[in-house]
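K.L.:
The structure that follows is given in the form of structure tokens.
Number of protein chains: 2
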Amino acid sequence: MAKPQPPPALDDIDRRILAALVENAELTNKALAVRLGLAESTCAYRVRALRASGIIRGVHLDLDLAALGCPLLAVVKVRLGSHDEVGVSTLFDQLVAVPGVLRVLHVAGADDFHLLMAVQDAQALRDIVLRHVTVHRTVRSTETQLVFEARYGVGIPLVPDARST
Amino acid sequence: MAKPQPPPALDDIDRRILAALVENAELTNKALAVRLGLAESTCAYRVRALRASGIIRGVHLDLDLAALGCPLLAVVKVRLGSHDEVGVSTLFDQLVAVPGVLRVLHVAGADDFHLLMAVQDAQALRDIVLRHVTVHRTVRSTETQLVFEARYGVGIPLVPDARST
DNA sequence: CATGAAATTCGTCAAAG
DNA sequence: CTTTGACGAATTTCATG
Chain A
1 MAKPQPPPAL DDIDRRILAA LVENAELTNK ALAVRLGLAE STCAYRVRAL
51 RASGIIRGVH LDLDLAALGC PLLAVVKVRL GSHDEVGVST LFDQLVAVPG
101 VLRVLHVAGA DDFHLLMAVQ DAQALRDIVL RHVTVHRTVR STETQLVFEA
151 RYGVGIPLVP DARST
Chain B
1 MAKPQPPPAL DDIDRRILAA LVENAELTNK ALAVRLGLAE STCAYRVRAL
51 RASGIIRGVH LDLDLAALGC PLLAVVKVRL GSHDEVGVST LFDQLVAVPG
101 VLRVLHVAGA DDFHLLMAVQ DAQALRDIVL RHVTVHRTVR STETQLVFEA
151 RYGVGIPLVP DARST
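These protein sequences, in sequence, are chains A and B. Using UniProt numbering, read the first sequence as starting at 1 and increasing by one per residue. Using UniProt numbering, read the second sequence as starting at 1 and increasing by one per residue.
Take a look at the structure:
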């Protein structure tokens with residue numbers, strides 16, 4: 001039988017490409033090729049293949065939310081009443097569509113969903129939670145906590161650990 | 001007195017540019033201009049201004065973490081012992097550098113930090129938490145929960161609500 | 001697979017309406 | 001803000017080791 005996904009075996013070059021793009025996704029193909037010591041055409045070919053295989057899903061814009069009028073970040077934990085599969089799934093769909101929601105996590109534990117959202121102020125947060133989250137029948141309760149600061153992490157290791165000297 | 005930040009007042013065009021780029025950050029300048037009915041030069045000028053003003057911070061790569069060998073997502077809640085400012089700040093720096101960490105939130109509440117991380121399997125998660133998180137003196141305890149599924153939300157509203165008919 | 005040199009497209013800048 | 005045109009740079013395609 002054929003494997004469902006053609007073995008996407010990545011070699012060192014692929015991983016170095018990914019590492020470079022994670023560090024700076026706006027690198028031009030030429031700059032990337034120079035940085036890795038590849039020909040431009042080869043580099044472009046590799047990147048295209050990584051996109052076609054789905055390893056690179058795409059890129060997301062990083063906006064200054066505060067400058068756009070949403071200086072408040074909050075985590076909203078959502079607890080459900082019933083947990084039937086279809087209910088959870090449709091609620092998921094509705095939560096990602098709530099204005100201000102950046103990320104939705106369906107987690108194992110007492111809280112069923114974690115929302116990370118950006119809002120104008122505390123009142124806007126209250127309004128949105130009440131009108132877009134609590135309204136759903138499957139939602140039993142919510143718990144909101146303020147986020148003082150959010151940062152991006154380094155992500156998963158792509159290049160085999162640089163060894164210490 | 002002059003305002004601390006030159007009023008970055010965004011007009012409708014700016015907001016439509018941002019909305020289009022949020023939906024697809026890989027749009028070429030030409031395609032973006034056509035889509036909004038702008039001249040290419042104007043469009044390029046606007047986008048550059050949005051970057052220069054810091055409203056567009058940049059772009060981040062969206063990778064298929066599962067395909068890269070990290071199919072497990074987890075939220076790790078970190079609770080501190082002492083809460084002195086310098087300690088919190090340096091711990092923050094160390095947490096974002098933990099391998100597999102995608103996002104670090106400094107939150108208000110019983111848990112001081114929330115880590116979103118991608119790992120190979122449960123054992124790798126255990127090893128990383130023990131060796132990179134729990135080791136720090138300021139960390140009193142951690143609590144880990146599995147993430148069944150994570151999705152991106154729609155983000156903050158950029159275009160004034162389309163009115164219903 | 002990777003390479004180098006084609007052709008094509010894109011982004012940038014300037015001037016004028 | 002749009003149009004036009006021209007220049008330089010980048011991406012793509014293709015033929016070849």
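We put the beta carbon where it would ideally sit given N, CA and C, even for glycine. From a predicted model like this one, the values you see are computed outputs, not experimental measurements.
1. Would you list, in chain order, the members of the segment 142-154 of chain A that have their beta-carbon closer than 7 Å to a beta-carbon of chain B?
2. Kindly indicate which residue of B/10, B/79 and B/112 has the alpha-carbon position closest to the one of residue 54 of chain B.
3. When you compare only the Cα positions, how much space is there between residue 122 of chain B and residue 71 of chain B?
4. I want to see whether chain A comes within less than 9 Å of residue 40 of chain B, judged by CB atoms only; does it?
5. Could you tell me the boundaries of the alpha helix (DSSP H) in which residue 120 of chain A lies?
6. Just the chain B side, please: which residues come within less than 8 Å of residue 62 of chain A by C-beta, in chain order?
7. For the beta strand (DSSP E) holding residue 58 of chain B, just list the boundary residues, first then last.
8. Which value, in whole angstroms, describes the spacing of the CA atoms of residue 41 of chain A and residue 30 of chain A?
9. Check the Cβ of residue 96 of chain A against every Cβ in chain B and list those closer than 9 Å, keeping chain order.
10. Are the C-beta of residue 122 of chain B and some C-beta of chain A separated by less than 9 Å?
11. Between the C-alpha atoms of residue 108 of chain B and residue 145 of chain A, what's the straight-line distance to the nearest angstrom?
12. Is the beta carbon of residue 18 of chain B less than 9 Å from the beta carbon of residue 50 of chain B?
13. So, with DSSP's three-state summary, where would you put residue 46 of chain B?
14. Name the two residues that bound the continuous alpha helix (DSSP H) containing residue 89 of chain B.
15. Using only CA atoms, which one of A/35, A/26 and A/56 lies nearest to residue 59 of chain B?
16. Give the DSSP-derived three-state secondary structure of residue 26 of chain B in the structure shown.
17. Rounding to the nearest angstrom, what Cα-Cα distance links residue 2 of chain A and residue 114 of chain B in this structure?
18. At least one CB of chain A closer than 9 Å to the CB of residue 48 of chain B: is that the case?
19. Let me check you understand the geometry: is the CB of residue 38 of chain A closer than 8 Å to at least one non-hydrogen atom of the ligand FMN?
P.N.:
Well, looking at it:
1. Hits within the stretch, in order: 145, 146, 147, 148, 149, 150, 151, 152, 153 and 154.
2. Within the second sequence, the letter at position 54 stands for residue 54 of chain B. When each option's Cα is compared against that of residue 54 of chain B, the closest is B/10.
3. If you number the second sequence from 1, residue 122 of chain B lands on position 122. If you number the second sequence from 1, residue 71 of chain B lands on position 71. So the alpha carbons of these two residues sit roughly 10 Å apart.
4. The residue labelled residue 40 of chain B in the question sits at position 40 within the second sequence. It does not: the Cβ of residue 40 of chain B has no partner Cβ on chain A nearer than 9 Å.
5. Here residue 120 of chain A is taken as the residue at index 120 of the first sequence, counted from 1. It is not in any alpha helix (DSSP H) - residue 120 of chain A carries neither H nor E in the DSSP assignment.
6. By one-based count along the first sequence, residue 62 of chain A stands at place 62. The contacting residues are 56, 57, 58, 59 and 60.
7. In the second sequence, residue 58 of chain B corresponds to position 58, counting from 1. Annotation: the continuous beta strand (DSSP E) that includes residue 58 of chain B extends over 56-63.
8. To locate residue 41 of chain A, count along the first sequence from 1; it is residue 41. To locate residue 30 of chain A, count along the first sequence from 1; it is residue 30. Going by the C-alpha atoms only, they are around 9 Å apart.
9. Taking the first residue of the first sequence as position 1, residue 96 of chain A is located at position 96. Those are 151, 152, 153 and 154, listed as they occur along chain B.
10. Counting from 1 along the second sequence, the entry for residue 122 of chain B is found at position 122. With 9 Å as the cut-off, residue 122 of chain B does not count as an interface residue toward chain A.
11. For the purposes of this step, residue 108 of chain B is taken as residue 108 along the second sequence, with counting starting at 1. For the purposes of this step, residue 145 of chain A is taken as residue 145 along the first sequence, with counting starting at 1. So the two alpha carbons sit approximately 6 Å from each other.
12. Taking the first residue of the second sequence as 1, we reach residue 18 of chain B at position 18. Taking the first residue of the second sequence as 1, we reach residue 50 of chain B at position 50. Yes, the Cβ-Cβ distance between residue 18 of chain B and residue 50 of chain B is below 9 Å.
13. In the second sequence, residue 46 of chain B corresponds to position 46, counting from 1. It is helical.
14. The residue you call residue 89 of chain B lines up with position 89 of the second sequence. Segment 85-96, the alpha helix (DSSP H) holding residue 89 of chain B.
15. Taking the second sequence and counting its residues from 1, the one referred to as residue 59 of chain B is at position 59. Of the listed residues, the one whose Cα sits closest to residue 59 of chain B is A/26.
16. Stepping through the second sequence from its first residue, residue 26 of chain B is reached at position 26. Note: residue 26 of chain B maps to coil in three-state DSSP.
17. To locate residue 2 of chain A, count along the first sequence from 1; it is residue 2. To locate residue 114 of chain B, count along the second sequence from 1; it is residue 114. Reliability fails at residue 2 of chain A, whose pLDDT of 43 lies under 50, so the model's placement of it is uncertain and no value is given.
18. In the second sequence, residue 48 of chain B corresponds to position 48, counting from 1. So no, residue 48 of chain B is outside the interface.
19. Here there are no bound small molecules, and the ligand FMN is not part of this structure.
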